[in-house]
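These notes concern the structure reproduced below.
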Amino acid sequence: MPITIPEGAKYSRIMSVGAARGSRVVDNAEMCTMIDSTPEWIEQRTGIYERRWVAEGETALTLAVDASRKAIERSGLSVEQIDTVIISTVSHYMNTPSMATLLANELGMPEPAAFDISAACAGFSYGVGMADALVRAGNATHVLVVGSEVLSEYIDITDRSTAFLFGDGAGAVVIGPGDQPAIGPTVWGSDPTAHEVIEIDHWREVEDGRPYIHMEGRAVFRWATTAIAQKTKEALELAGITPEELDVFIPHQANNRITDSMLRHLKLPEDVVVARDIHHMGNTSAASIPLAIEALLESGQATSGQTALIIGFGAGLVYAGQVITLP
Ligand SMILES: CC(C)(COP(=O)(O)OP(=O)(O)OC[C@H]1O[C@@H](n2cnc3c(N)ncnc32)[C@H](O)[C@@H]1OP(=O)(O)O)[C@@H](O)C(=O)NCCC(=O)NCCS
869 MPITIPEGAK
879 YSRIMSVGAA
889 RGSRVVDNAE
899 MCTMIDSTPE
909 WIEQRTGIYE
919 RRWVAEGETA
929 LTLAVDASRK
939 AIERSGLSVE
949 QIDTVIISTV
959 SHYMNTPSMA
969 TLLANELGMP
979 EPAAFDISAA
989 CAGFSYGVGM
999 ADALVRAGNA
1009 THVLVVGSEV
1019 LSEYIDITDR
1029 STAFLFGDGA
1039 GAVVIGPGDQ
1049 PAIGPTVWGS
1059 DPTAHEVIEI
1069 DHWREVEDGR
1079 PYIHMEGRAV
1089 FRWATTAIAQ
1099 KTKEALELAG
1109 ITPEELDVFI
1119 PHQANNRITD
1129 SMLRHLKLPE
1139 DVVVARDIHH
1149 MGNTSAASIP
1159 LAIEALLESG
1169 QATSGQTALI
1179 IGFGAGLVYA
1189 GQVITLP
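The opening position of the sequence shown corresponds to residue 869 in the working numbering, with each subsequent residue numbered one higher.
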């Protein structure tokens, strides 16, 4: 007997976005009371003026819940209509259960498919690519894709080369069927030989020991400004969009100088809006792209229906990106 195959939607789209940010603002002056550095050095080398860290009672899960509630409300759907939950996070303390099932429980979802993915700063675009494929294959109808991180709990405060980079936040989108193309092909891949370049695998020798981030910053910088700049170009080309047709560029918010270098490589016109969320958020890994999308839409710098290029890259090393229509 032939197996019955579901009929999917012809296209998928991002229906809505929601965000939540750690409520404690830590500016560079405060950061420099903790590490041997200066606000000027941090600003010039990264473009970070301040970052958000969690306050008492906030966790990667509570941020994910807040961002998801906003995204679902803005989608006009009920929580029961979300049939799949995908979270990208490197900040979850449990190997199991996943943060996705904890989130589904908090949101009161009856029985969604729910799982976490570990693709660090590329995780949001990995999730968007999977959700797009699931909706078009007929295996899901409405997918909640979340990036949520509390990286302030994983920094090594004695390491002045990384401690100032990272922040806390969550971004969520709802992806469902659409009547025209609104998510382009996902360009994704990895450089498995460079797995040691960024790791959260070192353990503090203290009573409540936790792993912390170890990163070879210069190696990541080189990779992002060469190999990943080229992949970004491919994502645009595969979607059949010329630089002139692009409205918004939203790279992972790792370093303003990486963004500038990518812009030179892509030769984007001057009127393309470029995400600079890193100024106020630092690097929030899987959350950085949806947080930047939400900030651009809320501030009016970008509008619904515009064409945006997103690209994430980070620990693994892994990368993923696609062209999307903004919700
Ligand atoms: C981390 C990063 C900001 C460092 O900037 P950089 O320009 O590469 O700086 P370097 O590591 O080459 O260090 C340059 C000098 O500044 C010093 N330095 C490092 N951290 C410093 C700090 N916080 N304050 C002052 N000086 C610092 C170094 O000791 C070095 O001094 P030296 O030349 O005397 O040896 C940069 O490499 C980066 O952003 N990399 C990518 C990180 C990233 O994207 N990670 C996440 C991917 S998801």
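From the three backbone atoms N, C-alpha and C, an ideal C-beta is built for every residue, glycine too.
Every value quoted in this text rests on a predicted model; they were computed, and no experiment measured them.
Would you say the beta carbon of A1183 is closer than 8 Å to some non-hydrogen atom of ligand 1? yes
If you scan the region 912-944 from start to end, which runs of the beta strand (DSSP E) of 3 or more residues do you find wholly inside it? 918-921
How about E1102 and V1041: do their beta carbons lie closer than 9 Å? no
Taking the alpha carbon of V1013 as the reference point, which residue from M998, A1005 and I1023 has its own alpha carbon closest? M998
Contact check, P1137 vs E1105, beta carbons under 9 Å: no
How many Å lie between P941 and A1031 at the Cα? Looking at the sequence itself, residue 941 is Glu, so the reference to Pro does not match. Roughly 35 Å separates the two Cα atoms.
What's the call for H1120, buried or exposed, on a 16-neighbour Cβ count within 10 Å? buried
Extent of the continuous beta strand (DSSP E) to which L1177 belongs: T1175 to G1182
Expected contact under 8 Å - CB spacing of S959 and S1016 to nearest Å: 7 Å
Taking its Cβ as the centre, do 16 or more other Cβ atoms sit within 10 Å of W1071, making it buried, or is it exposed? exposed
Below 8 Å, is the gap between the Cβ of I954 and the nearest heavy atom of ligand 1? no
Look at the alpha carbon of M869 and the alpha carbon of E979, and state the distance between them as a whole number of angstroms. 29 Å
What do you get for M1083, buried or exposed, if any count of 16 or more other CB atoms within 10 angstroms of its CB means buried? buried
Just to confirm the assignment, what range does the alpha helix (DSSP H) spanning D1128 have? From DSSP, the alpha helix (DSSP H) with D1128 extends over N1124 to L1134.
Whether or not the region 1155-1172 and the region 1085-1093 are in contact is what I'm after, with contact meaning three or more pairs of Cβ atoms, one per stretch, closer than 8 Å; do they touch? no
Extent of the continuous alpha helix (DSSP H) run through R1086: G1085 to W1091
Tell me, to the nearest whole angstrom, how far the beta carbon of G890 is from that of A923; I am working on the premise that it is less than 8 Å. A Cβ-Cβ separation of about 7 Å places G890 in contact with A923 under the 8 Å criterion.
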